[in-house]
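K.L.:
Here my numbering is used: position 249 in the sequence shown is 249, and no number is missing along the way. Can you keep this structure in mind? I'll have questions shortly.
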Amino acid sequence: MVDFTCLKPPPRLRTPIPKFIEHIKLGGCFDTDAIEFMSKAVVASGMGDETYFPPSLHLIPPDATHANAVDEARTLLFPTLDELFAKTSVSPSAVGVLVVNCSGFCPSPSLAAMVANHYRMPSDVRAFNLSGMGCSAGVVGVDVARNILVTHPTTISYAIVISTEVITVGWYNGTDHSKLLLNCTFRNGCSAVLLTNRRDVAASTPSRYRLLRLVRTNLIANDESYRSGYREEDDEGITGFNVGRRVGGAFEEVLRAHLVTLGVSVLPWREKLRFATAFLLSLLNNFRSGGDGSNSNLVPNFGTAAEHFCLPTTWAPMIRRLGRGIGLGEEQMEAAIMTYHRFGNQSAASLWYQLAYHEAKGVVRKGDKVWQLGVGTGLKVNSVVWERVGVDEDDEDDVAGVGRDGKSARPVQRRGPWMDCIHRYPV
Numbered sequence: 001m002v003d004f005t006c007l008k009p010p011p012r013l014r015t016p017i018p019k020f021i022e023h024i025k026l027g028g029c030f031d032t033d034a035i036e037f038m039s040k041a042v043v044a045s046g047m048g049d050e051t052y053f054p055p056s057l058h059l060i061p062p063d064a065t066h067a068n069a070v071d072e073a074r075t076l077l078f079p080t081l082d083e084l085f086a087k088t089s090v091s092p093s094a095v096g097v098l099v100v101n102c103s104g105f106c107p108s109p110s111l112a113a114m115v116a117n118h119y120r121m122p123s124d125v126r127a128f129n130l131s132g133m134g135c136s137a138g139v140v141g142v143d144v145a146r147n148i149l150v151t152h153p154t155t156i157s158y159a160i161v162i163s164t165e166v167i168t169v170g171w172y173n174g175t176d177h178s179k180l181l182l183n184c185t186f187r188n189g190c191s192a193v194l195l196t197n198r199r200d201v202a203a204s205t206p207s208r209y210r211l212l213r214l215v216r217t218n219l220i221a222n223d224e225s226y227r228s229g230y231r232e233e234d235d236e237g238i239t240g241f242n243v244g245r246r247v248g249g250a251f252e253e254v255l256r257a258h259l260v261t262l263g264v265s266v267l268p269w270r271e272k273l274r275f276a277t278a279f280l281l282s283l284l285n286n287f288r289s290g291g292d293g294s295n296s297n298l299v300p301n302f303g304t305a306a307e308h309f310c311l312p313t314t315w316a317p318m319i320r321r322l323g324r325g326i327g328l329g330e331e332q333m334e335a336a337i338m339t340y341h342r343f344g345n346q347s348a349a350s351l352w353y354q355l356a357y358h359e360a361k362g363v364v365r366k367g368d369k370v371w372q373l374g375v376g377t378g379l380k381v382n383s384v385v386w387e388r389v390g391v392d393e394d395d396e397d398d399v400a401g402v403g404r405d406g407k408s409a410r411p412v413q414r415r416g417p418w419m420d421c422i423h424r425y426p427v
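Shown next as structure tokens:
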């Protein structure tokens, strides 16, 4: 990975919780029960008052038209890519692979075509548009780009993966509680990542991370899992995204299978030995007590797999539940919880805002591993593990970051979208 960028939307799009609650009351779309449900949900989720809505959702009532969705996409994609090209000094004409993932909005021409047209990319650029892949689509995009870079080592040098969510079209005006959650949690954001397959290119444009491991697991063949998150019409014909009641059980099943595959390659041998010993002792004790020999609650400590973690930003209580389930402490979950507080759920882009948080705190050292874990509809669980491979010259010139004790920490690596607020976190 040569570099990445994350968009910080303009202040005029800020959506404090009191404003959100006021707008759903004045919009005329929701009954009293729906308003009360959303008001409680957004407060309980752990979201702060500095998240962002697109202009269309600041109107009363919201104006969720196709034209406004296209405008939202432009305001997300182009500033993010402008920053990436400026930071890396890479020309759009040098990009051989373009992957754009946006789960809920799939216009024609596609978002990938919109980007390629705007930047006048070459006619042989491999452009891919991923939709409906959920919050784990960023890892899917990296996988697509990686495969092409590996199979075209001499003809393609650069790939870009863009992750965003156009929430204008995701706004739900009905009263079904299972479809109202996305109104409460999803907010604007966009990330762009520049990848390369050539060491000589990396030498002229210093790379920040090296891809160590990428694992994808799904439970799509299971009907219950497949229907756990589903876009459909309610009884009144209003389209919304339904979060199934049994999504928790299906998620635990696919996550368990995913961690088994991932753990073989990322866990240190000491943790593997510790877990194997504990597992055998558990089996022995279980047999002695007359049990069936199973122990589904015993899992390795995945907190030893990496130094830094980027988790699904569903909402704060769910982040903590997932983190504790894989052996993470509060400090290791900090980036995910604080990203949700500051920016909300930005779908697949959230993983990159968390990496930006780690970098803004100045805690990512050369040789450190970063684990990005994404969860998407289907269900699917995807992971990518990066290794920090270099510190560019600008890092040493940055101002000192703020440590947990409030004192000067190591020099920060980059501020990014956290530039004006990192000193206030964690909260």
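The beta carbon of each residue, even a glycine, is placed where N, CA and C say it ideally should be.
(1) Measuring straight from C-alpha to C-alpha, what distance separates C6 and P300?
(2) Can you list, in chain order, the residues of its chain with a C-beta nearer than 7 Å to that of E72? Leave out the 5 residues immediately preceding and following it.
(3) Let's see if you can read the secondary structure: which residues bound the alpha helix (DSSP H) around Q332?
(4) Mind checking who V215 pairs with in its DSSP beta bridge?
(5) Which residues in the same chain as P153 place their Cβ atom closer than 8 Å to its Cβ, once the five residues preceding and following it in sequence are excluded?
(6) What ranges does the beta strand (DSSP E) occupy inside the stretch 141-209, keeping only unbroken runs of at least 3 residues that lie completely in it?
(7) Quick check on DSSP: helix, strand or coil for N301?
(8) Going by the beta-carbon positions, is the gap between V381 and T217 smaller than 8 Å?
(9) Looking at G229: is its Cβ nearer than 8 Å to the Cβ of G134?
(10) Taking only the alpha-carbon atoms, compute the straight-line gap between S350 and N285 and give it to the nearest angstrom.
(11) Roughly how many angstroms separate the alpha carbons of D397 and A278, rounded to a whole number?
(12) For H58, name the three-state secondary structure that DSSP assigns.
(13) Thinking N188 and L273 are a contact (beta carbons under 8 Å), I'd like their distance in whole angstroms, please.
(14) Report buried or exposed for E233, applying the criterion of at least 16 other Cβ atoms within 10 angstroms of its Cβ.
(15) Would you kindly work out how many angstroms separate the C-alpha atoms of Y158 and F4, rounded to a whole number?
(16) Can you tell which of I238, N242, G237, A360 has the C-alpha that lies nearest to the C-alpha of R227?
(17) What are the uninterrupted segments assigned as alpha helix (DSSP H) that are 4 or more residues long and contained completely in the stretch 8-72, given in chain order?
(18) Under three-state DSSP, which class holds A400?
(19) Considering only their Cβ atoms, is the gap separating V142 from G96 smaller than 8 Å?
(20) Out of curiosity, what's the CA-to-CA distance linking A306 and G325?
(21) Look up K366 in the DSSP assignment and say whether it is helix, strand or coil.
(22) Output the distance between the C-alpha atoms of L214 and V385, rounded to the nearest integer angstrom.
P.N.:
Taking the structure as given:
(1) Looking at the two C-alpha atoms, the distance is approximately 32 Å.
(2) Residues P54, S56, V166, T168 of the same chain have their beta carbon placed closer than 7 Å to that of E72, with the five preceding and five following residues left out of the count.
(3) For Q332, the enclosing alpha helix (DSSP H) begins and ends at 330-343.
(4) V215 pairs with S383.
(5) If we look at P153 and ignore the five residues flanking it on each side, its Cβ neighbours are N197, R198.
(6) At a cut-off of 3 residues, the continuous stretches assigned as beta strand (DSSP E) that sit fully inside the stretch 141-209 are 158-164, 190-196.
(7) Coil at N301, not helix or strand.
(8) Against a cut-off of 8 Å, the Cβ pair of T217 and V381 comes out as a contact.
(9) For G229 and G134, yes; Cβs fall inside 8 Å.
(10) So the two alpha carbons sit approximately 42 Å from each other.
(11) Model confidence at D397 stands at a pLDDT of 40, short of 50, so the residue's coordinates are unreliable; what they give is reported in the following sentence. Straight across, the Cα-Cα distance linking D397 with A278 is about 47 Å.
(12) Here H58 sits in coil by DSSP.
(13) That pair is no contact at about 46 Å.
(14) A residue is called buried once 16 or more other Cβ atoms fall within 10 Å of its Cβ, and E233, having fewer, is exposed.
(15) A straight line joining the alpha-carbon of Y158 with that of F4 spans about 13 Å.
(16) Each of I238, N242, G237, A360 was checked against the Cα of R227, and the nearest Cα belongs to N242.
(17) List check, alpha helix (DSSP H) in window: 17-26, 32-44.
(18) Confidence at A400 is low in this model, with a pLDDT of 40, below 50, so its placement is unreliable and no value can be given for it.
(19) Their beta carbons are not under 8 Å apart, which means G96 does not touch V142 by this criterion.
(20) So the two alpha carbons sit approximately 16 Å from each other.
(21) Of the three classes helix, strand and coil, the one that applies to K366 here is coil, per DSSP.
(22) For L214 and V385, the distance between alpha carbons rounds to 6 Å.
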